[in-house]
Each structure stands twice: as structure tokens, then as C-alpha cells.
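Residues in the sequence shown are numbered consecutively from 211, following the working numbering.
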Amino acid sequence: MIVAYGFANLLQSVAAARTTVHHTFDPGLLLRLASHRTYLVGLLCQVTGFVLAFLARRDLPLFLVQASVAAGLGVTAVLGVLVLKWRLPAAEVALLALLFGGITALVLAAQPAPSRQLGPAALIGLTAALGVIAIAGFFAARLHGALGSVALGSLAGMAFSAAAVAARPLASADSAEAFVRDPLLYLLIAHSVVGQLLLGLAMQRGSTTAAVAAMDAAGAVPAAVIGLLLLNDRIWPGREWLAAVGFLVTLASVVGLTRYAEPQHHHAVARERERLMIGAGAAADRTAAGDPRSTRPRQPAQAASTGLRRRTTRS
211 MIVAYGFANL LQSVAAARTT VHHTFDPGLL LRLASHRTYL VGLLCQVTGF
261 VLAFLARRDL PLFLVQASVA AGLGVTAVLG VLVLKWRLPA AEVALLALLF
311 GGITALVLAA QPAPSRQLGP AALIGLTAAL GVIAIAGFFA ARLHGALGSV
361 ALGSLAGMAF SAAAVAARPL ASADSAEAFV RDPLLYLLIA HSVVGQLLLG
411 LAMQRGSTTA AVAAMDAAGA VPAAVIGLLL LNDRIWPGRE WLAAVGFLVT
461 LASVVGLTRY AEPQHHHAVA RERERLMIGA GAAADRTAAG DPRSTRPRQP
511 AQAASTGLRR RTTRS
């Protein structure tokens, strides 16, 4: 699950940065993102992670599962080192170690238990939350820069948090018929779609760091609290302090990792842009000089250049 979300974070961020910026709450953004193969692969990874997280929520408390989902960013950092040649400074190694320690503490503190079922009032609350998040997203989509990233990322986290709350009792359905007829299934789908749209909008704004940090905090904290209060989430007696420390350490490590991951990703894309511009300049020089090599097809370079021109600027 953590590995799947790590791949999804990296691939979807790359695709969102190469898509025309949307300033409205337009579901068409998801269709535009779906035209990128990178985004589709990332979405497949996210769906895989979602299914694994859904199965884990059957018996595990939400504070553990949601923190594990957020910890996928640690995998993203490792992938950046292996695939994109990011550097791994000592501070980031320390954050990865803290992340591992925080998740270990949560595993030791979490007591497996089946979920308590939600009543009609909770269903109404989840439905109302969907409307509030969507309306707030409509207005937040008009914001620019880091403020837009924080607002949209926070709303995306709230939507995913509500989806997690719906998934915990839904995972305990005793038959396929009960699963399909449960209104929680459709609330889960609706919150997930809205959250995915908000996340795509947030990643296009000025600061991916702010978007991811806000999403992780807003996605983990409410679900953890609601799980403990309403869904029979349990902590082993005497280990409450371990759960609190593990949860805080995990979130702090995730926020710290976003601060290191974004500038390295930005510089990697900048180096690729510079390489393409140098290559295009050399090809133009050969054309001016009558070099026969200039007759080679140039469509791939032009396509790559077009994609880079559509990329948004991150702060």
C-alpha cells in the first residue's frame, strides 16, 4: 500500500505539472490528465493502494491506515533518488528514519478490531460534507499560488478523509449484495472523485509542497479522530502515548519530505528543459548551415517542447 501510493504521488505530480492550469472547479481536468500516460499509470498505482488500504481498514484503525497512506511520500523520495537522480542529503535520510519509526510506533499501538457501523445521522453528515467540500472547492479553484495550493490541498485531504471514514464500516460488509446496496459505497466514490479533482487542481498551483502537506494533514487528522470516537478504533491499553507520538512524528516527517522533494523535482525538469533547448538550438544551426543531418524528422523534439511550454511554474 505504501509503495503504491509512493509511485502514484510521483507520477501524478509530473502529469499535473504538464497540464494546462485550470482556474475553475471543472471535472474536465480529470479528462485532460487522463490523456497523459504518466497520469494513468499513477492513477493505477493509486487505485491499487486504495484497494489495499480499503482491505486494511476492515480491522485496522484509521489513524494507522491514514498515516501509512501519507507515508507513501517516503517511497516517492526514494524513487526520486533511484529514477530521477535526486540527491539524498543527511536531513532527508533522518526524515526517512523518523518516518519509519513513526509508522512502527503506530503499528505497535494499534489494536485490530472490527468497525462500528454508522447510523443515519453519520450518513447525512458525510453527504453534507460532500456538498460543503465541493462548494468550497468551486471558490478555492480561483485562488493562485501557494494560497491556492494550501486551500485546494486541504479540501482534497478532507474529501479523502471522508472517503476513509465511509470505507471503514463498508469494508465489513458480509456479502456482495450488502456491499453494493450500502449508501456508503456511493459516498466513498463521490468523495474520492471530488478529492482527486481537488488534488489535481492543487498540484497545478504555485507550491506542490504546500498542497501535499495540507492534504496529508487534512486527510489524516479528521479520520483518526472520527475513527476513535465513532468507529471503534482502538489503542492497546497503556500505549496511547505511543500512538500519539507515532502519529505526530509520521506527519511531521511527511511534511519535511515534501520540502526536500519539490525543489529536486523542479531542478530535474529544468535540466531536461535545458537539454531539449540545447538540442533544438543545435538542430537549427545545422539547418542554417545546410547540414544534411537537419533533414531528420524532428517531431519528437517538437512534441517534447510543446509539453514543456504547457508546464506550469512552481514556486
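Even for Gly, the Cβ is constructed at its ideal location relative to N, Cα and C.
From the options, residue whose alpha carbon lies closest to that of residue i
i	options	result
Met425	Met368, Pro330, Gly358 and His246	Met368
Arg444	Ala372, Leu397, Ala214 and Phe273	Phe273
His354	Cys255, Met413 and Gly466	Met413
Ala218	Ile345, Ala301, Arg267 and Gly282	Gly282
Ile436	Leu309, Ala376, Leu254 and Val465	Ala376
Thr258	Tyr215, Leu292 and Ala332	Tyr215
Ser364	Ala386, Leu328, His401 and Gly429	Gly429
Gly347	Gln406, Gly329 and Gln321	Gln406
Val465	Leu357, Leu308 and Leu438	Leu308
His401	Leu438, Ser385, Ile345 and Ser359	Ile345
Contact belief for residue i with residue j at Cβ below 8 Å, rounded distance in angstroms
i	j	result
Leu408	Leu395	21 Å between Cβ atoms; not a contact.
Ala323	Asp392	With 8 Å as the limit, Ala323 and Asp392 do not qualify as a contact, their Cβ atoms being about 20 Å apart.
Val459	Gly312	4 Å
Leu441	Arg378	5 Å
Leu340	Leu250	26 Å between Cβ atoms; not a contact.
7 Å CB neighbourhood of residue i in its chain, flanking five on each side removed
i	result
Ala263	Met211, Val275 and Val279
Ala434	Leu272, Phe273, Gln276 and Phe457
Thr523	Summary for Thr523: the model assigns pLDDT 37, below 50, so the residue's position carries little reliability, and this model does not support an answer.
Ile343	Leu365, Met368, Ala369 and Val404
Leu254	none
Val455	Ala315
Val213	Val285
Ser463	Leu305, Leu308, Leu309 and Gly312
Beta-carbon spacing of residue i, residue j below 7 Å
i	j	result
Leu316	Ala374	no
Ala319	Leu461	no
Ala351	Leu289	no
Ala372	Leu336	yes
Thr286	Leu220	yes
Trp446	Gln256	no
7 Å Cβ cutoff, residue i in contact with chain B
i	result
Ala453	Reference to chain B is not applicable here, since this structure consists of a single protein chain.
Close beta carbons around residue i, own chain, < 6 Å, minus the five adjacent residues each side
i	result
Ala361	Ala350 and Leu353
Pro432	Ser371
Arg449	Ala319
Leu438	none
Ala266	Val275
Sequence-distant residues of its chain with Cβ nearer than 8 Å to residue i (five each side left out)
i	result
Ser382	Arg268, Pro324, Ser325 and Gln327
Leu292	none
Ala331	none
Ala427	Ser364, Gly367, Leu461 and Val465
Phe310	Gly284
Residue i Cβ short of 6 Å to the ligand SAM heavy atom set
i	result
Asp392	The ligand content of the structure shown is nil, which means the ligand SAM is not present either.
Ordered list of alpha helix (DSSP H) runs contained in the region 406-444, each at least 4 residues: With a minimum length of 4 residues, the continuous alpha helix (DSSP H) runs that stay inside the region 406-444 are 418-440.
Ranges of the alpha helix (DSSP H) found wholly within the region 345-403, counting only runs of at least 4: Taken in chain order, the unbroken stretches of alpha helix (DSSP H) that lie wholly in the region 345-403 and span 4 residues or more are 355-380 and 386-391.
Counting only runs of 4+ residues fully inside the region 268-323, write out the alpha helix (DSSP H) ranges in chain order. List check, alpha helix (DSSP H) in window: 272-280, 282-293 and 300-319.
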